[in-house]
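Numbering-wise (full-length UniProt numbering), the sequence shown opens with residue 1 and increments by one.
Since the structure comes first, as structure tokens, the remarks are kept for the end.
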Amino acid sequence: MQPQIKGTQLDQVTLATSVDTCLASCLGGNILISSPVLGETLVFIGSPIGWRNSVSVGGITAGDGLNSVGGSPIGSPITQVLSVDSTVARLNRALNTFSFAGAISFNLIDTTQKADEKIWRISNSGGQLLITTWTDTGGVGNNAIVIKRTGTTVNSIVFPSPIINTASGVGTKSAIQLNSAVPTIVFNDTDATATETIWDITSVSESKSLEFRTRTDAHGTGTTWMQVVRSGTKVTTINLEAISVTINGNEVLTSGDIKSIIQTVVEQVLAQLNKSI
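And the structure:
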């Protein structure tokens, strides 16, 4: 005779209650993750997470482990909020927050991207909020945005790379302010002819001047076509450097014109003196 194994068929509620009772006695109502490992993934099937809690609220201390922070009678289904070990992270249902202890990072991984273009990291470290590129093997890349603070005050937002294809919005009560030892605005006309793409405006403390300049395509030295010199709040000199200068379409005297006029006058005076001798 073949051996036979007999089993008792249980309904869903009875089975769930039995499993819950076992978990409660074996695990104390908590599933503990005492030593989380970088890259370790904890997967729950179902959305939202359906959880049968086998112990009362009083038997659970939020933050002690991975557990349900809401209570329900045995066998009564309820969608629970999870609380993860407080040394790692905690979900707070009342405040609707997800809190971490220490320097924390989120890796955003797009597995469909090319090599070393899959991972972006958002991290809170050293009083800074960072958005950073990372290599596929977890190596540090470069900062895209760095936000620095003192207390609740945001001191600076740094963009290490140029901001392109976007506009700078200025409110009706604010202005764009550049703070630097040599504050400079650079204009790059990308469809201009070679050696004619770059202009800039810069403040030069040594000469107490605001200078408007042409630059080479490699941002090398060009020509200062206008220099505005100040003394206190007064403008003392405006220097123009150009082959010709026009106002309302009418050409005005240039340095070359003035030299020519002076030379002509001198020649005429000398000619008159020669006649008088």
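Glycine is no exception: its CB is placed at the ideal position from the N, C-alpha and C atoms.
- The region 180-194 makes contact with the region 202-216; the number of CB pairs closer than 8 Å reaches 3 or more.
- Here L273 carries a helix assignment [DSSP, helix/strand/coil].
- Here I119 is buried: its Cβ has 16 or more other Cβ atoms, across all protein chains shown, within 10 Å.
- The C-beta distance from D189 to T195 rounds to 12 Å, too long to fall under 8 Å, and the pair is not in contact.
- Within the model, the alpha-carbon separation for N179 versus N143 is close to 21 Å.
- Restricting attention to G126, L253, R213, the CA atom closest to the CA of A103 is found in G126.
- When beta bridges are read from the DSSP output, D200 appears opposite V186, R213.
- For S161, the closest of G139, T132, S231, G256 by C-alpha to C-alpha distance is T132.
- The shortest CA-to-CA distance from S244 to any of D116, W225, K234 is the one to W225.
- For S123, the beta-bridge partners assigned by DSSP are S105, L130.
- Q263 carries a helical assignment under DSSP once its states are collapsed to helix, strand and coil.
- S207 carries a coil assignment under DSSP once its states are collapsed to helix, strand and coil.
- In the three-state reduction of the DSSP assignment, I238 falls in the strand class, which pools E and B.
- V229 is positioned such that its CB atom lies no closer than 8 Å to that of S260.
- Of the other Cβ atoms in all chains shown, fewer than 16 fall within 10 Å of the Cβ of S276; this residue is therefore exposed.
- In this structure, V146 places its C-beta atom within 8 Å of the C-beta atom of V158.
- In its chain, beyond the 5 residues on either side, S203, V228 have a beta carbon closer than 6 Å to the beta carbon of L210.
- Here the C-alpha atom of V266 lies approximately 12 Å from the C-alpha atom of I258.
- Residue pairing by DSSP leaves Q177 without any beta bridge partner.
- Less than 8 Å divides the Cβ of G222 from the Cβ of T214.
- Between D116 and D136, the C-beta gap is smaller than 8 Å, which places the two residues in contact.
- Note on R149: under 16 other CB atoms within 10 angstroms of its CB, so exposed under the neighbour-count rule.
- Straight-line spacing of the CA atoms in V140 and K114 works out to 17 Å.
- Within its own chain, the residues whose Cβ lies closer than 6 Å to the Cβ of L240, once the five positions on either side in sequence are excluded, are M226, listed in chain order.
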